[in-house]
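Protein chains in written order, with my numbering: chain Z, 47 to 293; chain E, 47 to 293. Glycine residues also receive a C-beta, built at the ideal position from the N, C-alpha and C atoms. All values reported here derive from a predicted model rather than from experimental measurement. Below you'll find the structure, written out as structure tokens, and then a few comments.
2 protein chains.
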Amino acid sequence: MQNVVRTINPHISVDCVIFGFSTSQLKVLLIQRDYSNENGAPAQDLKLPGDFITTREDLDLAAARTLNELTGLQNIFLKPFALFGNPDRIYKEEDLNWFKETTGNNIQRVVTSAYFALINISESDLDYALKNKASWIDVNQVPQLAFDHQDIIKTGLRHLQDALRNEPIGFELLPEKFTIRKLQTLYEVILNCKLDNRNFRKKILKTKYLVQLDEKQAGVAHKPAYYYRFDKSKYDKHRKDSLGFNF
Amino acid sequence: MQNVVRTINPHISVDCVIFGFSTSQLKVLLIQRDYSNENGAPAQDLKLPGDFITTREDLDLAAARTLNELTGLQNIFLKPFALFGNPDRIYKEEDLNWFKETTGNNIQRVVTSAYFALINISESDLDYALKNKASWIDVNQVPQLAFDHQDIIKTGLRHLQDALRNEPIGFELLPEKFTIRKLQTLYEVILNCKLDNRNFRKKILKTKYLVQLDEKQAGVAHKPAYYYRFDKSKYDKHRKDSLGFNF
């Protein structure tokens, strides 16, 4: 690996909130931070994958670079969702110390651009991530984190939930054919609530982008359910012709 | 007025794209910039209302403060829509010179957080704005601007159009009661296209948040049309109950 001397821009950073969907849980990808506590003793906590941008680096590229360096993940569609620029967002002694230790500078104010992505945990290269001190944590059990990263995750989760309500992002996490029940579980996991079965079925089928297949589940103890698939071309055509008025 | 010494943070700025709706036009609010051209001669062009943030200033507050100082507008809901952080976004000699003249520093890289708002021109305090070298320019006739402000306006316009398709933002620009035809004009002006009358009526009435009043237009040469109003409580209830699936 080539040794590259990087000059950081200590005023601007990027942070990545990577949500991971598994069968019945929504998790977030966090990495371990080693820092010195108030007594100067070594301690650890968790933080989002993130970094300062370098002086000549585009923000989106900085986010992709950071995520790749810290977790090994690549080719992830990262969507910027908010800027965190409160002048007091960095105030804890351990955070100020950590900046001093890792950059050599006294850094007090950093504006961070936060990105989010939603991926399927079973399809992600988790081995590499774990090796590099990264781990998947249940979004409902996120502990105290470095900086304001808990707030960033909360805001990111709201953006993810809004996106799920307004865009067909859920289907990418399911196999090509799926039952309505599987789709409902995905919505329940991400929205963190129990949905009424009949209502869900009625509403989701009204979208008309779900196509029922001729195939049913096999080898199940209960009454086998039909499989469906998401028809992206029907969806794209609708979006093109539509004025929206989805409100 | 108190004299406040401000220390700017020369790495981060805010820019406001204020769209103004009039009966048949969409405009954008620009302010005059006085700068020195490559020969050192005084010259003028236009830019978005914007400024560096100060060292202790929150970004949203910086945007509101800047807009107020440069145009007199206040209490405008400013929505952040994108971050412009390309390392080469500031390269023109006149832009670099202008920074040098106005801040005393050699500034080369600034990341700007762009905000947008949509207001009704007839209800805005245009006199104050004009007095302060601000002017409303038709979005389809924006000339060459300072920095990358044309790009910022283009991106802002796409966000505005998306918002109009997905949220009931248009109604705030109309009187409490309005005809479908007036609403259609608003959509046509903002989306910059001609819409089919019958289709528009059909689609917009399907949203169910428009309530037909008992009152018709009076004193018009053509067949008088019914007035409608937007029912915000119906809308809010729908949003609360709804899972979305608007995609």
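Beta-carbon proximity list for residue i, same chain, < 8 Å, skipping 5 on both sides
i, result
"residue 47 of chain E", "No answer about residue 47 of chain E holds up, because its pLDDT of 44 lies below 50 and its placement is not dependable."
"residue 216 of chain Z", "210, 229, 232, 233, 236"
"residue 259 of chain Z", "223, 272, 273, 274, 275"
"residue 241 of chain E", "230, 233, 234"
Alpha-carbon to alpha-carbon, residue j and residue i
i, j, result
"residue 181 of chain Z", "residue 76 of chain Z", "5 Å"
"residue 60 of chain E", "residue 95 of chain E", "9 Å"
"residue 70 of chain E", "residue 239 of chain E", "12 Å"
"residue 185 of chain Z", "residue 65 of chain Z", "8 Å"
"residue 197 of chain Z", "residue 219 of chain Z", "25 Å"
"residue 152 of chain Z", "residue 202 of chain Z", "28 Å"
"residue 253 of chain E", "residue 245 of chain E", "13 Å"
"residue 190 of chain Z", "residue 135 of chain Z", "15 Å"
"residue 163 of chain Z", "residue 107 of chain E", "28 Å"
"residue 166 of chain Z", "residue 56 of chain Z", "33 Å"
"residue 125 of chain Z", "residue 109 of chain Z", "10 Å"
"residue 213 of chain Z", "residue 148 of chain E", "44 Å"
"residue 348 of chain E", "residue 188 of chain E", "Since the first residue shown for chain E is 47 and the last is 293, residue 348 of chain E is missing from the structure and cannot be characterised."
"residue 200 of chain Z", "residue 104 of chain E", "19 Å"
"residue 267 of chain Z", "residue 225 of chain Z", "15 Å"
"residue 249 of chain Z", "residue 68 of chain E", "38 Å"
"residue 286 of chain E", "residue 73 of chain E", "34 Å"
"residue 52 of chain E", "residue 100 of chain E", "6 Å"
"residue 227 of chain Z", "residue 130 of chain Z", "37 Å"
"residue 251 of chain E", "residue 141 of chain Z", "54 Å"
"residue 116 of chain Z", "residue 146 of chain Z", "20 Å"
"residue 88 of chain Z", "residue 195 of chain Z", "21 Å"
"residue 80 of chain E", "residue 159 of chain E", "23 Å"
"residue 278 of chain E", "residue 257 of chain E", "10 Å"
"residue 143 of chain E", "residue 82 of chain E", "7 Å"
"residue 111 of chain Z", "residue 137 of chain Z", "27 Å"
"residue 183 of chain E", "residue 98 of chain E", "24 Å"
Collapsed DSSP secondary structure at residue i in the structure displayed
i, result
"residue 75 of chain E", "strand"
"residue 145 of chain E", "helix"
"residue 195 of chain E", "helix"
"residue 276 of chain Z", "strand"
"residue 268 of chain E", "coil"
"residue 236 of chain E", "helix"
"residue 118 of chain E", "coil"
"residue 82 of chain E", "strand"
"residue 32 of chain Z", "Since the first residue shown for chain Z is 47 and the last is 293, residue 32 of chain Z is missing from the structure and cannot be characterised."
"residue 158 of chain Z", "strand"
"residue 58 of chain Z", "strand"
"residue 151 of chain E", "coil"
"residue 63 of chain E", "strand"
"residue 206 of chain Z", "helix"
"residue 90 of chain Z", "strand"
"residue 201 of chain Z", "helix"
"residue 100 of chain Z", "strand"
"residue 170 of chain Z", "coil"
Nearest candidate by alpha-carbon position, reference residue i, set the options
i, options, result
"residue 155 of chain E", "E:258, E:58, E:284", "E:58"
"residue 30 of chain Z", "Z:261, Z:276, Z:277", "Summary: the structure shown does not reach residue 30 of chain Z, with chain Z confined to residues 47 through 293, and so no result is reported for it."
"residue 93 of chain E", "E:149, E:192, E:221, E:183", "E:192"
"residue 118 of chain Z", "Z:170, Z:285, Z:226", "Z:170"
"residue 150 of chain Z", "Z:277, Z:251, Z:54", "Z:54"
"residue 128 of chain Z", "Z:116, Z:113, Z:157, Z:137", "Z:157"
"residue 132 of chain Z", "E:102, E:142, E:146", "E:102"
"residue 123 of chain E", "E:263, E:137, E:247, E:62", "E:62"
"residue 168 of chain Z", "Z:208, Z:204, Z:86, Z:221", "Z:221"
Close beta carbons around residue i, own chain, < 6 Å, minus the five adjacent residues each side
i, result
"residue 139 of chain E", "84"
"residue 280 of chain E", "255"
"residue 283 of chain Z", "none"
"residue 247 of chain Z", "226"
"residue 114 of chain E", "120"
"residue 264 of chain Z", "none"
Under 8 Å by beta carbon: chain A residues contacting residue i
i, result
"residue 131 of chain E", "You won't find chain A in this structure, because its protein chains are Z and E."
Close beta carbons around residue i, own chain, < 7 Å, minus the five adjacent residues each side
i, result
"residue 206 of chain Z", "65, 162, 164, 236"
"residue 78 of chain E", "90, 92, 179"
> Looking at chain E, which residues of the region 113 to 129 of chain Z have a Cβ within less than 8 Å of any of its Cβ atoms?
Replying inline: Among the residues of the region 113 to 129 of chain Z, those with a Cβ less than 8 Å away from any Cβ of chain E are 126, 128, 129, in the order of the chain.
>> If the cut-off is 8 Å on Cβ atoms, which residues from the region 87 to 108 of chain E count as contacting chain Z, listed in chain order?
In response: Of all residues in the region 87 to 108 of chain E, 99, 101, 102, 103, 104, 105 have a Cβ within less than 8 Å of some Cβ in chain Z.
> Which residues, in chain order, does the region 133 to 159 of chain Z contribute to contact with chain E at a C-beta distance below 8 Å?
Replying inline: Cβ contacts with chain E: 133, 155, 157, 159.
>> Closer than 9 Å between beta carbons: that is the criterion. Which residues of the region 236 to 267 of chain Z meet it against chain E?
In response: Those residues of the region 236 to 267 of chain Z that come within reach of chain E (Cβ to Cβ, closer than 9 Å) are 237, 241, 245, 246, 249, 250, 252, 253, 255.
> Using a Cβ cut-off of 7 Å, which residues of the region 206 to 220 of chain Z contact any Cβ in chain E, in chain order?
Replying inline: For the region 206 to 220 of chain Z, the set of positions with a beta-carbon nearer than 7 Å to some beta-carbon of chain E reads 211, 212, 213, 214 in chain order.
> the region 53 to 82 of chain E: which residues have C-beta closer than 8 Å to a C-beta of chain Z, in chain order?
Replying inline: Within the region 53 to 82 of chain E, the residues whose Cβ lies closer than 8 Å to any Cβ of chain Z are, in chain order, 55, 57, 58.
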